[in-house]
Amino acid sequence: MTENQTKTGLALALDDWRALINDDWRSLAIALYMVLVGYGVLVGIPVISTAWVTKLGFTEIEVGRVAGMDLGGLSAGAIVTAWVINYFNRKLLVLAGIALAVFANGMCLEYVDYNSVLWLRFLAGFGSGIYTAVAVATFGMSVRPALAYNLMLFSFAFSQALEMRILPNLSMNGIYWVFIGCFLATLPFLGWVQSYPKNVNIQKNNPDTSTAKYGVYIPWICLLAIFMTYINIGGYWTYIELAALDDNTNPELVSEVLVWASLCSLLGCLFATLLSNRFGLLRPLLVALVTMATGVGMLAFGINESRFLVSVFTFSLLWVFTDVYQMGSLANFDYGGHYAAYLPAAQGLGQIVGPNIAASLLAANLGYQSVFIMCWCAAMTAMLIYWILHRYLRAKYPSVADAS
């Protein structure tokens, strides 16, 4: 009997945490801060979308376009970064991302018309995509990438709740200044960013799992499913507050629910970790996506306070829950961290497609019900992709199909 077989699950978990902490804590710490800042618009989009309507006078259709451009820029910046990240000094990439994001957010202080904001938000998103992709790649190259992603998502619950509490009390310029300040705060710690990837032999929880053995298509399948999941997330999260207010839901209730539901995602992160140790990653992910789709799709029958509460809390609980599994599954087939740099790209691309489809549905006067039907379809498509992948792995590589 090996040493690992005699250890309890708790002891193994503690070993994982010790290995993660010993894996250059400074680079992981700055990477954690950077992903929270880089994803700031993504997690705060409900209140930012409402601010564009109430403070700048954009229409609900224009909001979808602007949100899509911002998060599409995130995707484009991440794609470019993934192409060059192993050939360029990462400190310089981070500097370039900060410069673009700060410049574009600064220009938004002066130019407030729709056409100008549309393209400035794309530029801000592009800079944020460069900045975020470097951070996510750092997690992907850690000795325990799935655990590092879990830590990242656990932290999102706090940053998201903080944004939901603070941003609604600020002016539009105040929101932009918050983003500018957060990007600039990275500069004193730029030395903590690894200039180039470490050339080390990373220990693996499952040594039989490798991209070379199973082919490069499996990470791309995982990224495709993440893209579909984020079409759902992008459409729902951009319009949930506006849809609730359109149905005359109490504005104070809407604001409070968004804050507390964001903290609810902490439970999703905890449950995901516990369940993955027993059932692996893919099986709970299938159940989570079906449940998430149900919570989103129920709003197609109209919004009242009870449906709004159930839907938002279900969505917030399972958003992080599914991401723990999605990122962990990708990490099982991405030992060099190369595909991890594409994570913000897949997420951002979903975030540009989701809000734009939603905006087109609203422009066709199909109402918010059609938006939530579209979100349901996207979540179920992602579930179908993972179900096919799970069936394939169970048939050919059963030891990998339920890896944690």
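Last residue of the sequence shown? That's 1651 in this note's numbering, and every number before it is there in order.
Cβ atoms here follow ideal geometry from the backbone N, Cα and C, with glycine treated the same way.
Computed from a prediction, not measured in an experiment: that's the story for all the values here.
Of the listed residues 1435, 1493, 1323, nearest to residue 1209 (C-alpha basis):
Outside the modelled stretch of the chain, which goes from 1248 to 1651, sits residue 1209, for which no answer is possible.
Given a threshold of 16 other Cβ atoms within 10 Å of its Cβ, counted over all protein chains shown, does residue 1282 qualify as buried or as exposed?
On the sequence shown, residue 1282 is found 35 positions in, with the first residue counted as 1. With 16 or more Cβ atoms within 10 Å of its Cβ, residue 1282 is classed as buried.
Residue 1577: buried (16+ other C-beta within 10 angstroms of its C-beta) or exposed?
Reading the sequence shown from its first residue, position 330 is the one you call residue 1577. Under this definition residue 1577 is a buried residue.
Extent of the continuous alpha helix (DSSP H) run through residue 1422
Numbered from its first residue, the sequence shown carries residue 1422 at position 175. Counting along the chain, the alpha helix (DSSP H) containing residue 1422 begins and ends at 1419-1431.
Might you give, ordered along the chain, the residues of its own chain that have their beta carbon closer than 6 angstroms to the beta carbon of residue 1427, omitting 5 neighbours on each side?
Indexing the sequence shown from 1 puts residue 1427 at position 180. Excluding sequence neighbours, residue 1427 sits near 1349, 1352.
Simplified DSSP assignment, three categories, for residue 1332
By 1-based counting over the sequence shown, the position of residue 1332 is 85. In this structure, residue 1332 counts as coil in the three-state DSSP scheme.
Option in 1328, 1432, 1339, 1505 with minimal Cα separation from residue 1277:
The residue given as residue 1277 occupies position 30 in the sequence shown. Looking at the Cα atoms, 1432 is the closest of the given residues.
Quick one: is residue 1430 buried, meaning 16 or more other Cβ sit within 10 Å of its Cβ, or exposed?
For the purposes of this step, residue 1430 is taken as the residue at position 183 of the sequence shown. Burial call: buried.
Leaving out the 5 sequence neighbours to the left and right, which residues in its chain are closer than 6 angstroms to residue 1605 when beta-carbon positions are compared?
Position 358 of the sequence shown holds residue 1605. The answer, listed in chain order, is 1311, 1482, 1486, 1618.
Would a C-beta distance cut-off of 7 angstroms place residue 1419 and residue 1298 closer than the cut-off?
By one-based count along the sequence shown, residue 1419 stands at place 172. By one-based count along the sequence shown, residue 1298 stands at place 51. A contact, by the Cβ cut-off of 7 angstroms.
Assigned exposure category for residue 1438 - 16 Cβ within 10 Å defines buried
The residue you call residue 1438 lines up with position 191 of the sequence shown. For residue 1438, the number of other beta carbons within 10 angstroms of its own is below 16, and it is reported as exposed.
Touch check for the segment 1312-1332 and the segment 1590-1605: three-plus C-beta pairs under 8 angstroms?
Touching, yes.
Can you tell me the Cβ-Cβ gap for residue 1572 and residue 1531, rounded? I've got them flagged as a contact below 8 angstroms.
Mapped onto the sequence shown, residue 1572 falls at position 325. Mapped onto the sequence shown, residue 1531 falls at position 284. The pair is a contact, with the Cβ atoms about 6 angstroms apart (cut-off 8 angstroms).
Give the straight-line distance between the Cα atoms of residue 1413 and residue 1613, rounded to the nearest whole angstrom.
Counted from its first residue, the sequence shown places residue 1413 at position 166. Counted from its first residue, the sequence shown places residue 1613 at position 366. Rounded to the nearest angstrom, the two C-alpha atoms are 33 angstroms apart.
Answer yes if the segment 1363-1377 comes into contact with the segment 1340-1348, meaning at least three C-beta pairs across the two stretches below 8 angstroms, and no otherwise.
They touch, by the three-pair rule.
Can you tell me whether residue 1454 is buried or exposed, with buried defined as 16 or more other CB within 10 angstroms of its CB?
Position 207 of the sequence shown holds residue 1454. Per-residue confidence for residue 1454 stands at a pLDDT of 39, beneath the threshold of 50, marking its modelled position as unreliable; the derived number appears in the next sentence. With fewer than 16 Cβ atoms within 10 Å of its Cβ, residue 1454 is classed as exposed.
The alpha helix (DSSP H) enclosing residue 1496, as first and last residue numbers
Taking the sequence shown and counting its residues from 1, one reaches residue 1496 at position 249. Segment: none, residue 1496 is in no alpha helix (DSSP H) and carries neither H nor E.
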